[in-house]
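So the structure is just underneath, and the comments pick up after that.
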Amino acid sequence: MGLRRPEPSHDVDIVVADADAPAAATTLADAGFLIERPPEDWLLKAHNGEWVVDVLHRVNGEPVGPADLDDAEERVVLAISMPVLPPTTVFTQKLRALTEHHCNFADLIPAARAVREQLDWDHIEKATDDNDFAAAFLMLAGRLGLRG
Numbered sequence: 010m011g012l013r014r015p016e017p018s019h020d021v022d023i024v025v026a027d028a029d030a031p032a033a034a035t036t037l038a039d040a041g042f043l044i045e046r047p048p049e050d051w052l053l054k055a056h057n058g059e060w061v062v063d064v065l066h067r068v069n070g071e072p073v074g075p076a077d078l079d080d081a082e083e084r085v086v087l088a089i090s091m092p093v094l095p096p097t098t099v100f101t102q103k104l105r106a107l108t109e110h111h112c113n114f115a116d117l118i119p120a121a122r123a124v125r126e127q128l129d130w131d132h133i134e135k136a137t138d139d140n141d142f143a144a145a146f147l148m149l150a151g152r153l154g155l156r157g
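When you line the sequence shown up against this note's numbering, it's residues 10 to 157, in that order.
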């Protein structure tokens, strides 16, 4: 069976070390993207026609450091080889971001279903045990048969 992937979205998220965010903005601007710096201090947005690139340099309130990117695995995405964070890391970050103001499981359920065999559910549970919204999602994922 081939590698399952989550449903595509309308933008691309790139995670860079906090110190590399200015260089990422310059590189994207040089490639013809319009750079937007939203009020949130954890990302910048790059627009080029139909393409939107979110460059995240802080995740869940913490600056991204070079060590945070060490677990990235080389993958082919849309015919381009690039480092990609492991599904467990990405999913943990998504669950840690859940709050009473942002708690939409509708996007998380299909993503979990697509990569469920690649997720270390025990690690995710331990890494998110201080977030009640993540705990609720993990309970739901178990009841839906998504957890291995």
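Even glycine gets a Cβ: it sits at the ideal position worked out from N, Cα and C.
Item                                                                                                                                                                          : Value
Can you list, in chain order, the residues of its chain whose CB lies under 6 Å from that of alanine 34, leaving out five sequence neighbours each side?                      : Ile44 and Leu53
Given a cut-off of 8 Å, decide if alanine 55 and leucine 78 are closer than it, judged by their beta-carbon atoms.                                                            : no
Buried or exposed: which applies to histidine 66, given that a residue is buried once 16 or more other Cβ atoms fall within 10 Å of its Cβ?                                   : buried
Give the range of the beta strand (DSSP E) segment to which arginine 105 is assigned.                                                                                         : Run containing arginine 105: none in the beta strand (DSSP E); it sits in the alpha helix (DSSP H), 96-105.
Could you tell me which residues DSSP puts in a beta bridge with methionine 91?                                                                                               : Arg84
For phenylalanine 42, I'd like the list of residues in its chain whose CB is within less than 8 Å of its CB, leaving aside the five on either flank, ordered along the chain. : Ala55, His56, Asn57, Trp60 and Val62
Please list the terminal residues of the continuous beta strand (DSSP E) segment that includes valine 62.                                                                     : 60-65
Taking the DSSP output, what are the residues bridged to valine 68?                                                                                                           : Glu71
Check each candidate in Glu71, Ala145 and Pro72 and name the one with the smallest Cα separation from asparagine 113.                                                         : Ala145
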